[in-house]
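Reviewing the structure listed below.
Residue numbers (full-length UniProt numbering): 1 to 588.
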């Protein structure tokens, strides 16, 4: 089969790079379609074609994309395991292509609205399956980076959409909005042309086809022979995980049951964190940055689009800091600190916009300050609430409901996005500076909710997170495999062990007692794991230093021995020369 022959030429890093390019194209489509509407909704040619819709109708036409994405995410949860990662991706991309063609060729509102739903369904499928596909082909040490990498790619698509909108602002025809909408077909066609030539993931093949077929793909991904010990070890781990999941695979009803591991509460946490991401107000800026600049800051249309381009360029630059902080700082501290940061920035933005609205003249200082605060808002979001939010649900959810729970959590994200995009045009128009205060308050609420209820998940194994939520019986079962931990498996109270004590052995403050007890347990557990990790690093450094000293001493002794042997050799050779000279003299 030509397709199989084509894929067999790619092995190791080249094969992973090809799969990564396809997955990244999926997230690039996600970002592009979010950003492209920012220029479309202010195009006079689009407004005329759509019969000059009201601001409420503009919000609805834009937000229908997110309604479709919710259904796409649910569809991926229902059919993704049966179809496989690759075919699910191709299905979502096919739906997106149909929606894009309908959208770019629209001549009336109904067609445009249907196309937005269709495009959203496609992107819901794509964003649900690509993180799973990427994780299942990557080596374990690379998985944590992939989330940040894909989301940075998404921001690249967002930035590209803004710059294309700016370039076509100077085209005085319907191509001003039709071409930017149609351009995303380039990335969709790349997926359709490349993905069929790539294999599905080893994990899916081993589970739904044969272990031998999965082993062949796994060996190609690692660039090794099928009999290689490392490949065999990874294959055994996958088969073991498949066996465990076959016993533990949960139903939809298990999302709302405790099951001795607080599965329902953990599902609510996953839903909540993704919904709260949208309640930060980020997509006010993502979808409507030019609208904000023209309505709130009195910029010209050209300048507002150009400013939006630079805003998204800053967005992608700022996102790289998260690559460094996400594992070092932890999820919880990033959530709380950046939610408070966004709250303060939005209050400052409201003050600046109020100055602009109240002034009878052009207030340059207030305008500059307002632009600065919009840039600061996006930085705070990407540092605390972008990649971190997509990492949290798979970490907090138990294995039994992880696939279904993560898909529905993504649906909650799109639902929140729909609400934000729906109310923004009317909110900016009718509330003015007060609109920013609304989102400042919501960010403060987000910070408080995270502080009260959301435990830290970074810096510890997933099994340790499961143990935090387990009841007495579940902890007793887990203790034999987890190898001990911070909380005693025999304790059955929420305040067991030392949960009623702070790190210094004293009673926690009254304020701390307002937190869910799991939050305090998680904090102590993370500190314990980090202390153990730091101690292990120190031990490795000492061993490394001792080894280096030993090697240096051995090398020096070897050099000394070599020098002594060389001196002895020179003396021997010199003595031999003298003896030869004496013999010559005697003969003469």
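Every residue gets a Cβ at the ideal spot worked out from N, C-alpha and C, and that includes glycine.
{"Asked": "Continuous beta strand (DSSP E) assignments of at least 3 residues falling wholly in the stretch 289–376", "Found": "none"}
{"Asked": "Cβ contact check for the stretch 283–303 and the stretch 366–384: 3 or more pairs under 8 Å", "Found": "yes"}
{"Asked": "Pairwise C-alpha distance: residue 37 and residue 53", "Found": "15 Å"}
{"Asked": "Boundaries (first-last residue) of the alpha helix (DSSP H) holding residue 404", "Found": "402–431"}
{"Asked": "Residue 320 versus residue 148: straight-line alpha-carbon distance, rounded", "Found": "8 Å"}
{"Asked": "C-alpha distance - residue 377 paired with residue 211, whole-angstrom precision", "Found": "49 Å"}
{"Asked": "Where residue 515 sits in the DSSP three-state scheme", "Found": "coil"}
{"Asked": "Residue 95 versus 107, 343 and 72, residue with shortest Cα-Cα distance", "Found": "72"}
{"Asked": "CB-CB length for residue 408 against residue 271, believed under 8 Å", "Found": "7 Å"}
{"Asked": "Per-residue DSSP class, three states only, for residue 201", "Found": "coil"}
{"Asked": "Whole-Å CB distance - residue 128 paired with residue 339, under 8 Å assumed", "Found": "Going by Cβ atoms, the distance from residue 128 to residue 339 rounds to 26 Å, so no, they are not a contact pair."}
{"Asked": "DSSP state of residue 227 mapped onto helix, strand, coil", "Found": "coil"}
{"Asked": "Buried or exposed (CB count within 10 angstroms, at least 16 for buried), residue 225", "Found": "exposed"}
{"Asked": "C-beta atoms of residue 284 and residue 424 nearer than 7 Å", "Found": "yes"}
{"Asked": "Cβ contact (3+ pairs, closer than 8 Å) linking the stretch 110–129 and the stretch 60–74", "Found": "yes"}
{"Asked": "Exposed unless 16 or more other CB atoms sit within 10 angstroms - verdict on residue 104", "Found": "buried"}
{"Asked": "Own chain, CB closer than 8 Å to residue 255, minus 5 neighbours either side, in chain order", "Found": "263, 264, 267, 401, 404, 405 and 408"}
{"Asked": "Residue 218: CB within 6 Å of a non-hydrogen atom of the ligand HEM", "Found": "This structure does not include the ligand HEM; it has no bound ligands of any sort."}
{"Asked": "CB of residue 355 within 7 Å of CB of residue 392, strictly", "Found": "no"}
{"Asked": "Simplified DSSP assignment, three categories, for residue 209", "Found": "coil"}
{"Asked": "First and last residue of the uninterrupted alpha helix (DSSP H) at residue 386", "Found": "No alpha helix (DSSP H) holds residue 386; DSSP gives it neither H nor E."}
{"Asked": "Beta-carbon proximity list for residue 58, same chain, < 8 Å, skipping 5 on both sides", "Found": "41 and 425"}
{"Asked": "Neighbour-count burial assignment, residue 51, 16 or more Cβ in a 10 Å radius", "Found": "exposed"}
{"Asked": "Contact the stretch 110–118 vs the stretch 441–448: 3+ CB pairs below 8 Å", "Found": "no"}
{"Asked": "Member of 223, 436 and 389 whose CA lies at the smallest distance from the CA of residue 346", "Found": "436"}
{"Asked": "Inter-residue spacing [alpha-carbon to alpha-carbon] between residue 374 and residue 193", "Found": "39 Å"}
{"Asked": "Cα-Cα separation, residue 531 to residue 525", "Found": "10 Å"}
{"Asked": "Buried/exposed call for residue 33, threshold 16 Cβ in 10 Å", "Found": "buried"}
{"Asked": "Whether residue 202 touches residue 214 by CB criterion (7 Å)", "Found": "yes"}
{"Asked": "Cβ-based neighbour list, residue 102, same chain, cut-off 7 Å, excluding 5 preceding and 5 following", "Found": "111, 114, 115 and 118"}
{"Asked": "Burial state of residue 519, where buried means 16 or more other Cβ atoms lie within 10 Å", "Found": "buried"}
{"Asked": "Whole-angstrom distance between residue 329 and residue 522, CA atom to CA atom", "Found": "15 Å"}
{"Asked": "Outcome for residue 490 when other beta-carbon atoms lying within 10 angstroms are tallied against a minimum of 16", "Found": "Annotation note: pLDDT 38 at residue 490 (below 50); position unreliable, coordinate value reported separately. Per the 10 Å Cβ criterion, exposed."}
{"Asked": "Inter-residue Cα distance where the pair is residue 227 and residue 239", "Found": "16 Å"}
{"Asked": "Collapsed DSSP secondary structure at residue 497 in the structure displayed", "Found": "Per-residue confidence for residue 497 stands at a pLDDT of 45, beneath the threshold of 50, marking its modelled position as unreliable; no derived number is given."}
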